Amino acid sequence: MPSDWIARCRAVKTLHDAHQLSTDLCHELGLDHFIHLACVPQASNRFANYILSNFRDDKRSASGGPCEGVGLLHRALEDARPLVWSAMADLVLPVPATKLPLAGGDDLLLSDGGMLGIHGGDGGKAVLCFTVRHGRLHDRDIERILCLLQVMSPYVYTCLTAPAADATRLLSERERECLTWMIQGKTSWEIGKILGITERTTDFHVGNILRKMDCRNRSQAIGKALLNGHAVRFPDDLLERVVCLDQPAAQSVRTRPEPPPKSR
53 MPSDWIARCR AVKTLHDAHQ LSTDLCHELG LDHFIHLACV PQASNRFANY
103 ILSNFRDDKR SASGGPCEGV GLLHRALEDA RPLVWSAMAD LVLPVPATKL
153 PLAGGDDLLL SDGGMLGIHG GDGGKAVLCF TVRHGRLHDR DIERILCLLQ
203 VMSPYVYTCL TAPAADATRL LSERERECLT WMIQGKTSWE IGKILGITER
253 TTDFHVGNIL RKMDCRNRSQ AIGKALLNGH AVRFPDDLLE RVVCLDQPAA
303 QSVRTRPEPP PKSR
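Take a look at the structure:
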């Protein structure tokens, strides 16, 4: 079973796919509801917080500071082990009337269940929560499910955060090409020469890149693209064109004349 779900996690491309995958996993494990909270880095000091759940078919997101308004996220990440509701003695209300604060000022009444905190390799954080009707599953069953999710947690984290973290997902193919050369430090004139377009057209594409990536300047767009793992790919035909920009023309190169041969 884990191998099948890992393959499905790696195939997720959008938040809708992640929501559908979580719904299917919840159904197969015999659970009632799930809540996923994530804090995804988008820049050095900018994070995107979002909630994914099937309580109200939530797929909400908001930009802000790191972990802004997500108290449950901090609580889950304090302990490296999966947490079962009934084992958390510091909760104010007893199970099954546990009331947990969520982002946006919403509260949800949860029954038996547990949660698992995840630290992402990119500096992001997430918590996976699930609930079942009181008395439906024993704590040992809940612990077994949490252990399974812990094994899958790196893939689940990528599944949940990749669609939200990828700031380049809205770019067209031409805009991606312009971004690739922006990362290499090329100016609009140089990019235009490489791609065979005018400088004005290049500036138009750069403007679209900044708007779609929610950036104010090129440096911010480049930093966000590198943070999101934007792959720099160079087609062979473009590499041939850039040679003329990086090297001076042959006629402009000055060479020192050879000295005349010495007479014997």
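Following the numbering used here, the numbering of the sequence shown begins with 53 at its first residue and continues without gaps.
Don't be surprised by glycine CBs; every beta carbon is placed ideally from N, CA and C.
All of these numbers come straight from a predicted model, not from anything done at the bench.
For the segment 212-282, the full-length alpha helix (DSSP H) segments reaching 4 residues or more read 225-235, 240-247, 251-264, 270-279 along the chain.
Of the residues assessed, Val203 falls on the exposed side of the cut-off, its CB having fewer than 16 other CB atoms within 10 angstroms.
When the alpha-carbon of Glu227 is set against those of Thr210, Arg263, Leu201, Ile194, the nearest one is in Arg263. A Cβ-Cβ distance of about 6 angstroms is found for the pair Arg60 and Leu73, placing them in contact under the 8 angstroms criterion.
In this structure, Val208 and Leu201 form a Cβ contact; the two beta carbons are roughly 7 angstroms apart against a cut-off of 8 angstroms. In the structure shown, the three-state DSSP call for Leu77 is helix. Between the alpha carbons of Lys245 and Ser271 lies a distance of about 21 angstroms. Looking at Ile103, His68, Glu229, the one whose alpha-carbon comes closest to that of Lys177 is Ile103.
By the neighbour-count definition (other C-beta atoms within 10 Å, threshold 16), Glu229 is a buried residue. When Ile249, Arg252, Cys211 are compared, the shortest CA-CA separation from Asp69 is found for Cys211.
When the beta-carbon positions are compared, Ile194 and Gly166 come within less than 9 angstroms of each other. Here the C-alpha atom of Val92 lies approximately 13 angstroms from the C-alpha atom of Leu67.
Assignment of Leu189 by DSSP, reduced to helix, strand and coil, places it in the coil class. Inclusion of Thr183 and Asp84 in the CB contact set at 9 angstroms is warranted, their separation being smaller than that value.
With fewer than 16 other CB atoms across the displayed protein chains lying within 10 angstroms of its CB, Asp56 is exposed. Residue range 177-184 is occupied by the beta strand (DSSP E) that includes Val184. Distances from the alpha-carbon of Cys181 to those of Met234, Gly173, Leu198 put Leu198 closest. DSSP lists no bridge partner for Met204.
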